[in-house]
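In my numbering, the protein residues as written are 1 to 289. Down below is the structure, laid out as structure tokens.
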């Protein structure tokens, strides 16, 4: 049956046709409030890259919960972000309550107890939230899958594994090339799965559809590229009419912006990709790329 599954293509024309325009009377509250959770003492750069991309992709508000040692760096580079030291958080549920989208994982580290505490705080709010798990959060999810079954009740649930993380998620039972079984996984978990690769595949579990990205280049093979994608996806969710439209458009935007840089540069630096987003997005809106 695998041979009968056809991947639809994410193309420039499709993304342009569905790219949202901003009305004249909008304000920041119209475009969502994102909470990014990650960045331990050793991997603060990951959450900084995600926050940078989230803001530059147009999120209305961005809050970062991270190790206290990362606060000065984030404040100095991206003052638009609100930042809180996770050591000082007494009530995670209170912090999450007014956030629309939660992106958890970049630079988080593998400490299970803190992750489970965050997840338990999220559980009563789950039906109101869009939740994206990336990087270390996916590895931790694979260790506590039964306890975290409630995540399937989220307003939107997105996993963004690379091939290694995918193998841990499925306990090496499903080859990343077996589209039928990967889609079954996404459907059973009621999630959208972005399987990063060349090309990236997007499995819309709640719709039973598979999309294949048509952009990307070898210059993207560099640390921080996935963190940047996480920030873009989280930032776009509040700007589109549906979560899946935001994810498909974000996957394309990430690689399309990278392709524009790769025309001149041998390596696509993630922070430079993020810096280009406002102009690339404006061109997508204007249909003049």
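Quick reminder that beta carbons are idealized off the backbone N, C-alpha and C, glycines included. Bear in mind the structure is a predicted one, so any value in this text is a computation, not a measurement.
{"Asked": "Pairwise C-alpha distance: residue 66 and residue 15", "Found": "33 Å"}
{"Asked": "Coil, strand or helix - residue 221 by DSSP", "Found": "coil"}
{"Asked": "Within 8 Å, strictly: CB atoms of residue 257 and residue 56", "Found": "no"}
{"Asked": "CA-to-CA distance, residue 203 to residue 161, given in whole angstroms", "Found": "12 Å"}
{"Asked": "Beta-carbon proximity of residue 110 to residue 60, cut-off 8 Å", "Found": "no"}
{"Asked": "Buried versus exposed, by CB contacts within 10 Å (16 or more), residue 262", "Found": "buried"}
{"Asked": "Residue 252 - containing alpha helix (DSSP H), residue span", "Found": "243-262"}
{"Asked": "Close Cβ partners of residue 254 (< 6 Å) along its chain, the five nearest in sequence each way excluded", "Found": "229 and 232"}
{"Asked": "C-alpha distance - residue 81 paired with residue 5, whole-angstrom precision", "Found": "42 Å"}
{"Asked": "C-beta neighbour in chain E for residue 221, strict 8 Å", "Found": "Among the protein chains of the structure shown there is no chain E, as only one such chain exists."}
{"Asked": "Proximity to residue 281 [Cα-Cα], best of 9, 195, 22 and 267", "Found": "22"}
{"Asked": "Beta-carbon proximity check, residue 105 vs residue 135, cutoff 8 Å", "Found": "yes"}
{"Asked": "C-alpha distance - residue 201 paired with residue 186, whole-angstrom precision", "Found": "12 Å"}
{"Asked": "Separation of residue 149 from residue 119, as counted between CA atoms", "Found": "11 Å"}
{"Asked": "Beta-carbon proximity check, residue 100 vs residue 33, cutoff 8 Å", "Found": "yes"}
{"Asked": "Three-state secondary structure assigned by DSSP to residue 190", "Found": "coil"}
{"Asked": "Local Cβ density within 10 Å of residue 211, reported as buried at 16 or more and exposed below that", "Found": "buried"}
{"Asked": "Rounded separation between residue 213 and residue 117 - CA only", "Found": "35 Å"}
{"Asked": "Residues sharing a beta bridge with residue 101, DSSP", "Found": "34 and 130"}
{"Asked": "Residue 58 versus residue 47: straight-line alpha-carbon distance, rounded", "Found": "17 Å"}
{"Asked": "8 Å Cβ cutoff met for residue 251 and residue 243", "Found": "no"}
{"Asked": "Alpha carbon of residue 44 to alpha carbon of residue 199, nearest angstrom", "Found": "28 Å"}
{"Asked": "Continuous beta strand (DSSP E) stretch holding residue 6: start and end", "Found": "Note, residue 6: premise wrong, no beta strand (DSSP E); not H, not E."}
{"Asked": "Extent of the continuous alpha helix (DSSP H) run through residue 52", "Found": "44-56"}
{"Asked": "Helix, strand or coil at residue 175 according to DSSP, with G and I counted as helix", "Found": "coil"}
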